[in-house]
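S.K.: Residue numbers (my numbering): 224 to 477. Structure incoming, see below.
Here's what the structure looks like:
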């Protein structure tokens with residue numbers, strides 16, 4: 224009888240240890256996925272899973288405002304969200320403009336400053352997909368974006384990782400989410416998260432991560448009034464863009 228109780232206690236202890244180990248491992252595997260919003264806001268960079276076919280970069284409202292103006296006019300700390308993007312060679316890049324009342328221009332160059340992509344975007348519209356079939360770091364920009372600061376240049380980078388350099392979170396996303404063909408970023412007022420989340424879910428788009436922050440113009444005691452949403456879908460990019468357009472057209476600054 225004593226031996227049976229002892230064996231049972233040992234078995235139970237092993238089960239508890241295994242459960243704890245599994246939980247810790249699962250958390251570690253998911254940590255990068257859960258921190259995508261934080262990485263975008265704090266580090267201005269996002270590494271995208273190699274399996275993603277399309278990534279939609281957000282040009283946020285007030286993206287054209289210079290950080291050097293006497294009065295802060297920006298909502299977020301970067302003119303493109305994310306400002307620096309790392310993707311695999313099979314990922315198409317699309318830009319979506321949420322800069323209300325302005326026409327934006329995206330010009331991308333290679334290491335030799337040779338122009339390889341140029342697109343003009345009206346508010347609440349998306350560029351054509353860009354496919355870059357070679358590894359390397361590419362810079363895109365827009366000059367003369369701000370009349371009050373002629374020297375200000377909107378700048379961002381796209382790094383194409385080689386096919387034998389797996390992204391940091393490629394396995395994590397596949398293990399914990401549905402197939403992700405298209406990823407995107409959207410910025411919305413925090414107080415409206417619920418209604419926007421419903422629209423997103425109804426259109427077969429998933430919220431992979433979110434990060435709330437106080438916009439740069441907020442100088443009072445208000446809380447985190449803006450939220451970044453990192454979105455993922457296994458639908459074609461046009462369907463995700465349609466969701467972005469639907470929500471962006473209702474935002475309070477639209």
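We treat Cβ as the ideally placed atom computed from N, Cα and C, and that holds for glycine.
Quick one, are the C-beta atoms of residue 405 and residue 450 less than 8 Å apart?
M.R.: Against a cut-off of 8 Å, the Cβ pair of residue 450 and residue 405 comes out as no contact.
S.K.: Could you give the distance in angstroms between the alpha-carbon of residue 457 and the alpha-carbon of residue 316?
M.R.: Looking at the two C-alpha atoms, the distance is approximately 16 Å.
S.K.: Quick check: the Cα distance between residue 473 and residue 437, rounded to an integer number of angstroms?
M.R.: In a straight line, the C-alpha of residue 473 is about 20 Å away from that of residue 437.
S.K.: Quick check on DSSP: helix, strand or coil for residue 360?
M.R.: Reduced to three states, the DSSP call for residue 360 is strand.
S.K.: Please name the residue or residues paired with residue 410 in a DSSP beta bridge.
M.R.: Looking at the DSSP assignment, residue 410 forms a beta bridge with 451.
S.K.: Looking at the strands, I want to know which residues DSSP matches up with residue 433.
M.R.: According to DSSP, residue 433 bridges with 452.
S.K.: In whole angstroms, what separates the C-alpha of residue 470 from that of residue 345?
M.R.: Going from the Cα of residue 470 to the Cα of residue 345 covers about 16 Å.
S.K.: Taking its Cβ as the centre, do 16 or more other Cβ atoms sit within 10 Å of residue 266, making it buried, or is it exposed?
M.R.: Counting Cβ neighbours within 10 Å, residue 266 comes out exposed, since fewer than 16 surround it.
S.K.: What is the DSSP secondary structure of residue 471, counted as helix, strand or coil?
M.R.: In this structure, residue 471 counts as helix in the three-state DSSP scheme.
S.K.: List the DSSP bridge partners of residue 327.
M.R.: DSSP, once it has assigned bridges, lists 344 as partnering residue 327.
S.K.: Note down, in chain order, each residue of its chain lying with its Cβ closer than 6 Å to the Cβ of residue 302, except the 5 sequence neighbours on either side.
M.R.: Excluding residues within five positions, the ones whose Cβ falls inside 6 Å are 286, 377.
S.K.: Give me the residue from 325, 309, 312 with the minimum Cα distance to residue 476.
M.R.: Closest by alpha carbon: 325.
S.K.: Rounded to whole angstroms, how far is the Cβ of residue 355 from the Cβ of residue 383, which I believe are closer than 8 Å?
M.R.: Sure, about 5 Å apart at Cβ, within 8 Å.
S.K.: From which residue to which residue does the alpha helix (DSSP H) around residue 424 run?
M.R.: 416-425 is the extent of the alpha helix (DSSP H) around residue 424.
S.K.: Do residue 271 and residue 309 have their C-beta atoms closer together than 8 Å?
M.R.: Yes, these two residues count as a Cβ contact at 8 Å.
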